[in-house]
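Only one structure is covered here, and it is reproduced in the block below.
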Amino acid sequence: MYNGIGLQTSRGSGTTGHIQTNKFSVKPKPNRAAAAADPSPSIIDHVTAREPNKEILEHDRQRQIELKLLILEEKLVDHGYSESQVAEMLRDARIKLEAAASTAGEEEASAASVMASK
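In the UniProt record's numbering, the protein residues as written are 1 to 118.
If you want it as structure tokens, here you go:
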């Protein structure tokens, strides 16, 4: 018998008396539950917000521009414009969209620097 578990003696039981533990029994960790219920200010102070990756933001901005241009191209082709007219309109639209995206990116960068300085 081990910690009150098992037989007093294995004689006559047809077993060896070996006791196995339940390896799949998962006990909850009390530290995690307590930390989740009451986060201390010291833990919150150490958490810092990471700045977004500029390359990822620029790539996403370019994807949005290409999506808008693709939609515009489909509309122009549906309206019956020739390929040269479509190419010219898309070139003009690309210049406008990239200019708008660059000014929006500069505004976001300046707003982020203002927020970081506070």
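All residues carry an ideal CB built from backbone N, CA and C; glycine is no exception.
- Between Leu-90 and Glu-73 a beta carbon distance of about 6 Å is seen, short of the 8 Å cut, so the two are scored as contacting.
- In this structure, the CA atom of His-79 is about 13 Å from the CA atom of Ile-71.
- Leu-69 is not a Cβ neighbour of Arg-50, given a cutoff of 8 Å.
- Look at Ser-82 here: in three-state DSSP terms it is coil, with no helix or strand label.
- Counting only the Cα atoms, Gln-62 lies some 19 Å from Glu-88.
- Rounded to the nearest whole angstrom, the C-alpha separation of Gln-8 and His-18 is 12 Å.
- Between the alpha carbons of Thr-103 and Glu-66 lies a distance of about 17 Å.
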